[in-house]
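S.K.:
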Amino acid sequence: MDVTSYSLPKRDKSYCDALYQKIRSFYPELPAFIIHHTERLFAELQPGCTAVVHGDLRSAHILWEESTSQVGIIDFSDMHVGDPAIDFAGIRQISSDFLKQVLCNYEAADKEAIFQRADQLAKLVLYYELTEYGPSCKLAAEMERQFM
(Lines of atoms letter the chains of each structure in order from A; the text may use other names.)
(Lines give C-alpha, C1' and ligand atoms only; values in the text may rest on other atoms or scores of the structure.)
Protein backbone atom coordinates (compact mmCIF):
# COMPACT_ATOMS: atom_id res chain seq x y z
CA MET A 72 0.00 0.00 0.00
CA ASP A 73 1.36 3.41 -0.94
CA VAL A 74 0.94 5.52 2.23
CA THR A 75 2.13 8.66 0.46
CA SER A 76 -1.22 8.83 -1.35
CA TYR A 77 -3.05 9.65 1.91
CA SER A 78 -3.93 13.31 2.43
CA LEU A 79 -1.96 13.52 5.66
CA PRO A 80 0.92 15.87 6.45
CA LYS A 81 4.31 14.45 5.50
CA ARG A 82 7.37 14.62 7.74
CA ASP A 83 10.26 13.71 5.50
CA LYS A 84 13.80 14.98 4.96
CA SER A 85 12.54 18.47 4.07
CA TYR A 86 10.64 18.58 7.38
CA CYS A 87 13.83 17.62 9.28
CA ASP A 88 15.85 20.18 7.32
CA ALA A 89 13.36 22.96 8.16
CA LEU A 90 13.43 21.98 11.85
CA TYR A 91 17.23 22.00 11.79
CA GLN A 92 17.35 25.47 10.23
CA LYS A 93 14.92 26.81 12.84
CA ILE A 94 17.07 25.34 15.64
CA ARG A 95 20.22 26.86 14.12
CA SER A 96 18.65 30.31 14.40
CA PHE A 97 19.03 29.92 18.20
CA TYR A 98 22.76 29.05 18.05
CA PRO A 99 23.96 32.50 19.22
CA GLU A 100 22.04 31.92 22.48
CA LEU A 101 22.98 28.27 23.06
CA PRO A 102 25.89 26.69 24.94
CA ALA A 103 28.55 25.00 22.81
CA PHE A 104 27.64 21.47 23.98
CA ILE A 105 24.07 21.89 22.67
CA ILE A 106 25.35 23.15 19.31
CA HIS A 107 27.79 20.23 19.10
CA HIS A 108 25.08 17.70 19.96
CA THR A 109 22.64 19.29 17.51
CA GLU A 110 25.15 19.14 14.66
CA ARG A 111 25.91 15.49 15.41
CA LEU A 112 22.24 14.51 15.80
CA PHE A 113 21.10 16.13 12.56
CA ALA A 114 24.10 14.78 10.62
CA GLU A 115 23.01 11.28 11.63
CA LEU A 116 19.27 11.90 11.36
CA GLN A 117 18.04 10.27 8.18
CA PRO A 118 14.35 9.56 7.76
CA GLY A 119 13.66 5.84 7.85
CA CYS A 120 10.90 4.02 6.06
CA THR A 121 7.57 5.75 5.53
CA ALA A 122 4.32 4.78 7.21
CA VAL A 123 1.23 6.34 8.74
CA VAL A 124 2.20 7.18 12.32
CA HIS A 125 0.40 8.51 15.38
CA GLY A 126 3.01 11.23 15.78
CA ASP A 127 2.49 11.96 19.49
CA LEU A 128 2.49 8.56 21.13
CA ARG A 129 3.33 9.23 24.77
CA SER A 130 2.00 8.24 28.17
CA ALA A 131 -0.81 10.82 28.13
CA HIS A 132 -2.20 9.23 24.95
CA ILE A 133 -1.96 5.59 26.02
CA LEU A 134 -4.88 4.40 28.14
CA TRP A 135 -4.69 1.08 29.95
CA GLU A 136 -7.54 -0.62 31.75
CA GLU A 137 -5.89 -2.88 34.31
CA SER A 138 -8.95 -5.02 35.05
CA THR A 139 -9.34 -6.07 31.40
CA SER A 140 -5.74 -5.52 30.21
CA GLN A 141 -7.10 -3.45 27.34
CA VAL A 142 -5.05 -0.67 25.81
CA GLY A 143 -6.42 2.32 23.96
CA ILE A 144 -4.63 5.03 22.02
CA ILE A 145 -6.12 8.53 21.84
CA ASP A 146 -5.43 11.91 20.18
CA PHE A 147 -4.51 11.34 16.57
CA SER A 148 -4.24 15.08 15.83
CA ASP A 149 -0.51 14.76 15.01
CA MET A 150 -0.97 11.75 12.72
CA HIS A 151 1.18 12.02 9.61
CA VAL A 152 3.11 10.08 7.01
CA GLY A 153 6.65 9.69 8.24
CA ASP A 154 9.20 7.56 10.01
CA PRO A 155 7.45 5.03 12.29
CA ALA A 156 10.41 5.26 14.67
CA ILE A 157 8.88 8.51 15.95
CA ASP A 158 6.14 6.49 17.67
CA PHE A 159 8.78 4.28 19.27
CA ALA A 160 10.50 7.48 20.41
CA GLY A 161 7.30 8.45 22.21
CA ILE A 162 7.30 5.08 23.93
CA ARG A 163 10.99 5.60 24.76
CA GLN A 164 10.06 8.81 26.59
CA ILE A 165 7.99 6.72 29.01
CA SER A 166 11.09 4.65 29.78
CA SER A 167 13.76 2.70 27.97
CA ASP A 168 12.68 -0.45 29.83
CA PHE A 169 9.10 -0.01 28.60
CA LEU A 170 10.34 0.36 25.03
CA LYS A 171 12.37 -2.84 25.43
CA GLN A 172 9.24 -4.64 26.63
CA VAL A 173 7.25 -3.33 23.65
CA LEU A 174 9.99 -4.41 21.24
CA CYS A 175 9.99 -7.93 22.75
CA ASN A 176 6.47 -8.26 21.36
CA TYR A 177 7.16 -6.47 18.06
CA GLU A 178 8.01 -8.38 14.91
CA ALA A 179 11.11 -6.85 13.39
CA ALA A 180 14.43 -8.12 12.11
CA ASP A 181 16.63 -5.62 13.96
CA LYS A 182 15.03 -4.55 17.23
CA GLU A 183 18.29 -3.02 18.49
CA ALA A 184 18.35 -0.67 15.50
CA ILE A 185 14.76 0.37 16.27
CA PHE A 186 15.71 0.99 19.90
CA GLN A 187 18.72 3.11 18.91
CA ARG A 188 16.70 5.12 16.41
CA ALA A 189 13.91 5.70 18.94
CA ASP A 190 16.48 6.82 21.51
CA GLN A 191 17.86 9.30 18.98
CA LEU A 192 14.45 10.64 17.95
CA ALA A 193 13.26 10.96 21.57
CA LYS A 194 15.74 13.82 21.96
CA LEU A 195 13.83 15.83 19.34
CA VAL A 196 11.22 16.66 21.99
CA LEU A 197 13.72 19.04 23.58
CA TYR A 198 14.28 20.73 20.23
CA TYR A 199 10.54 21.14 19.70
CA GLU A 200 10.43 22.88 23.08
CA LEU A 201 13.33 25.09 21.99
CA THR A 202 11.58 26.13 18.77
CA GLU A 203 8.29 26.71 20.59
CA TYR A 204 9.49 28.66 23.63
CA GLY A 205 13.07 29.65 22.89
CA PRO A 206 16.17 28.98 24.97
CA SER A 207 15.96 28.87 28.77
CA CYS A 208 18.20 27.83 31.64
CA LYS A 209 15.78 25.02 32.49
CA LEU A 210 15.84 23.66 28.93
CA ALA A 211 19.63 23.91 28.73
CA ALA A 212 19.93 21.99 32.01
CA GLU A 213 17.61 19.24 30.72
CA MET A 214 19.54 19.05 27.44
CA GLU A 215 22.79 18.77 29.39
CA ARG A 216 21.30 15.99 31.53
CA GLN A 217 20.12 14.02 28.49
CA PHE A 218 23.01 14.71 26.11
CA MET A 219 25.99 14.28 28.42
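Residue numbers for the sequence shown follow the working numbering, so the first one is 72 and each next one is one higher.
The C-beta atom is built at its ideal place from N, Cα and C for all residues, glycine as well.
As the structure is a prediction and not an experimental result, all values here were calculated from the model.
Under the assumption that V173 contacts I162 (Cβ atoms under 8 Å), give the Cβ distance between them as a whole number of angstroms.
M.R.: So it is a contact: roughly 6 Å between Cβ atoms.
S.K.: For F218 and Q92, I'd like the C-alpha separation in whole angstroms.
M.R.: Cα-Cα distance, rounded: 20 Å.
S.K.: If E115 and Q191 are in contact, beta carbons under 8 Å, what's the gap, nearest whole angstrom?
M.R.: Confirmed, about 7 Å.
S.K.: By Cβ distance below 7 Å, which residues in the same chain neighbour C208 in space, the five residues on each side in sequence not counted?
M.R.: Result list for C208: empty, nothing under 7 Å.
S.K.: CB-CB under 7 Å to E215, same chain, minus the five flanking residues each way: which ones, in chain order?
M.R.: Closer than 7 Å at Cβ, skipping near neighbours: F104.
S.K.: Could you check if D158 is buried or exposed, using at least 16 other CB atoms within 10 Å of its CB as the buried criterion?
M.R.: By the 10 Å Cβ count, D158 comes out buried.
S.K.: Please determine if the segment 173-182 and the segment 197-207 are in contact, where contact requires at least 3 C-beta pairs separated by less than 8 Å.
M.R.: Contact between the segment 173-182 and the segment 197-207 is absent, because fewer than three Cβ pairs lie under 8 Å.
S.K.: Taking the beta carbon of L170 as the centre, do at least 16 other beta carbons fall within 10 Å, making it buried, or is it exposed?
M.R.: Counting Cβ neighbours within 10 Å, L170 comes out buried, since at least 16 surround it.
S.K.: Are the CB atoms of A160 and V123 nearer to each other than 9 Å?
M.R.: Their beta carbons are not under 9 Å apart, which means A160 does not touch V123 by this criterion.
S.K.: Quick one: give me the first and last residue of the beta strand (DSSP E) that I144 is part of.
M.R.: Its beta strand (DSSP E) spans residues 141-144.
S.K.: Taking the Cβ atom as the reference point for each residue, do D127 and R82 lie within a distance shorter than 9 Å?
M.R.: No, the pair does not count as a contact, with Cβ atoms beyond the cut-off.
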